[in-house]
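Remarks on the structure that follows.
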Amino acid sequence: MSTQQIYDQVTERYSVASKGVALEYGASVAKAFGYSEDELADTPKESNLGLSCGNPLAIASIREGETVIDLGSGAGFDVFLAATKVGPNGKVIGVDMNKDMLSRANEIKTKHNKTNVSFVESQITDMPAIPSNTADCIISNCVINLVPENEKHLVFKEMHRVLKPGGRVAISDILAKKPLPEKLRANMALYVGCVSGASLVSQYEEYLQEAGFPAESVLIKHDGADLNVYIETNPDGTRTIGGKGGNLCCNPSIQSAPAAPATNGSSSSCSGPNQECAFDEKDLADLEGQDLNDWAGSYKIYAVKS
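In case it helps, the working numbering puts the sequence shown at residues 53 to 358.
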């Protein structure tokens with residue numbers, strides 16, 4: 053797959069995901085990855101599309117008055133949660149390339165009068181709209197794995213640039229437990245499902261250190277979450293083995309709606325209930341019977357800029 057093919061497929065999949073309305077699915081997935089009932093109650097429900105693979109806020113230690121940047125912010129789920137923590141004297145900036153996700157996020161922002169929130173249209177590999185030394189904390193949730201491997205190092209360099217000295221990285225992402233076989237790495241359905249694009253832990257350690265984060269500040273830990281939650285969670289939020297949540301990219305919709313046209317750029321986050329699927333039957337057949345936990349896991353990644 054070429055870099056552009058990856059971006060095009062990821063963009064198409066998440067443009068469709070931006071139209072999702074499976075609120076029960078989203079809540080169930082979020083709770084499976086560590087969000088509390090209180091957190092879910094504190095953020096607009098329509099911002100939660102069930103695209104998380106962890107809870108970066110659990111390790112971010114966000115304080116009142118801080119500036120937080122969310123890379124691959126999608127419909128704004130973590131942005132709005134962080135906004136309650138930074139308070140009126142702080143601000144949260146969501147960055148995403150997908151126009152459809154940004155449109156949804158801005159609609160939610162306006163509806164709920166979130167005055168300390170803004171959204172920026174940009175790739176996370178290059179964010180010229182954000183000055184250096186802006187953020188106290190950078191969060192991200194199941195996004196960086198979607199960036200083509202040959203460009204991932206650029207994301208960490210941008211993190212280091214936009215962080216203030218002493219600023220911290222607190223992200224959740226899916227990483228590979230072992231090198232993936234070519235059959236799975238080439239599977240586009242599995243790529244947009246956040247698995248086949250996953251890097252090894254050692255690669256993230258290398259990217260962080262090359263970007264300028266001291267090795268002693270870097271902590272990467274497997275959080276033990278079950279990735280099969282995406283497949284086994286039904287649209288109504290219940291979970292059963294072989295549930296109707298779908299197979300990563302092609303989940304049934306709660307509401308029948310046309311897929312949005314693809315817009316230019318990459319997007320945010322991981323798997324959730326969709327309206328349509330753009331992948332061939334062979335890609336989907338290759339996923340039959342796969343236990344995602346055999347190959348990858350949800351990890352928390354933390355680092356501090358010196």
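Backbone N, C-alpha and C define an ideal beta-carbon position, used for all residues, glycine too.
With 16 or more other Cβ atoms from the protein chains shown falling within 10 Å of its own Cβ, Thr-119 counts as buried. At the C-beta level, Ile-121 and Ala-187 come within 8 Å of one another. Secondary-structure assignment with DSSP links Lys-273 through a beta bridge to Lys-352.
Sequence-distant Cβ neighbours of Tyr-87 in its own chain, meaning closer than 7 Å and more than five residues away, are Asn-107. Remark: C-beta atoms of Glu-173 and Met-211 do not approach each other more closely than 8 Å.
By the C-beta criterion, the stretch 205 to 222 is judged to be in contact with the stretch 167 to 182, since at least 3 inter-stretch pairs fall below 8 Å. Lys-273 and Ala-82 have their C-alpha atoms roughly 19 Å apart. Among the bridge pairs identified by DSSP, Ala-187 is matched with Leu-215. If you check the CB distance, Asn-202 and Ile-226 do not come in under 8 Å. For Ile-121, the enclosing beta strand (DSSP E) stretches over residues 119 to 123. Contact annotation: Cys-105 and Phe-85 have beta-carbon atoms nearer than 8 Å. Contact check between the stretch 161 to 170 and the stretch 132 to 142: three or more CB pairs, one atom from each, fall below 8 Å, which counts as touching. Note: Leu-227 is bridge-paired with Gly-349 in the DSSP secondary-structure output. For Val-147, the enclosing beta strand (DSSP E) stretches over residues 143 to 148. Within its own chain, the residues whose Cβ lies closer than 7 Å to the Cβ of Cys-189, once the five positions on either side in sequence are excluded, are Ala-112, Ile-114, Glu-118, Val-120, Gly-219, Arg-220, Ala-222, listed in chain order. Going by DSSP, Glu-173 is part of the beta strand (DSSP E) stretching over 169 to 173.
A distance of 8 Å or more separates the beta carbons of Pro-287 and Glu-98.
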